[in-house]
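Here is the structure we will look at, set down as structure tokens.
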Amino acid sequence: MTNNVTITKSGVGTVYIFTQSIEELITKKPRYIRVPRSYQKWDQGPKTMVIDTLVVTHNFVINGEITRAEGDTAQQQRDKLRTIAEQKGGTVTLNYDGTDYEVFIDKCSIKEESHDEDTPDSYSVILNVTEAEQRGGS
Numbered sequence: 044m045t046n047n048v049t050i051t052k053s054g055v056g057t058v059y060i061f062t063q064s065i066e067e068l069i070t071k072k073p074r075y076i077r078v079p080r081s082y083q084k085w086d087q088g089p090k091t092m093v094i095d096t097l098v099v100t101h102n103f104v105i106n107g108e109i110t111r112a113e114g115d116t117a118q119q120q121r122d123k124l125r126t127i128a129e130q131k132g133g134t135v136t137l138n139y140d141g142t143d144y145e146v147f148i149d150k151c152s153i154k155e156e157s158h159d160e161d162t163p164d165s166y167s168v169i170l171n172v173t174e175a176e177q178r179g180g181s
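Under the working numbering, think of the first position of the sequence shown as 44, with each following residue one higher.
The following block contains the structure:
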């Protein structure tokens, strides 16, 4: 596992995620139009036209672990991530391999594994985020 992802929100701090896998999804939103044809001309020309709407969505699905980092315990890192994910409105900064992305957290899953000790050393995390620009709100 490598620590190549951070989530930062001003006023809250930074969460360091040791990633197991990162899936990057780039989705286009074309419009498909079926072209009506008579039975006699069914095999001539394209049957469907496509119009590029120029809308592209960029998503990340991040699977990893949060542990002790930068003087924080695993619980403090978990609490920071929870606070960041629960805040209404606003985007956060995702740093992935040295590149900053402004993202909106769509879904955050934090899982505590059963341990014999009182305080866990790590938490499993799954984040679904969408690259977005903040407009209005906070």
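Yeah, the Cβ is synthetic: ideal placement off N, Cα and C, and Gly gets one too.
Asked, Found
"Chain-order list of residues whose beta-carbon lies under 6 Å from that of residue 104 (same chain, five-residue window excluded)", "66 and 171"
"Residue 107, buried or exposed, once every other Cβ within 10 Å from all chains shown has been counted against 16", "buried"
"Same chain only: Cβ atoms within 6 Å of residue 100, ignoring 5 sequence neighbours per side", "70"
"Span separating the alpha-carbon of residue 134 from that of residue 176", "7 Å"
"Nearest to residue 168 (by Cα), restricted to the options 150, 86 and 102", "150"
"Residue from 127, 145 and 153 with nearest C-alpha to residue 57", "127"
"Own chain partners of residue 78 with C-beta closer than 7 Å, once the 5 adjacent residues on each side are dropped", "89, 90, 91 and 92"
"Contacts around residue 147, its chain only, beta-carbon distance under 7 Å, and the 5 residues preceding and following it disregarded", "134, 172, 173 and 175"
"Exposure label - residue 52; buried when at least 16 CB within 10 Å", "buried"
"Cα-Cα separation between residue 153 and residue 143, rounded to whole angstroms", "23 Å"
"Sheet register partners of residue 115 (DSSP bridge)", "112"
"Beta-carbon separation (whole angstroms), residue 131 vs residue 55, contact threshold 8 Å", "Contact flag wrong, Cβ pair sits at about 13 Å."
"Start-end ranges of the beta strand (DSSP E) lying completely within the region 122 to 172, minimum 3 residues", "135 to 139 and 142 to 154"
"Residue burial classification, residue 96 (beta-carbon count within 10 angstroms, cutoff 16)", "exposed"
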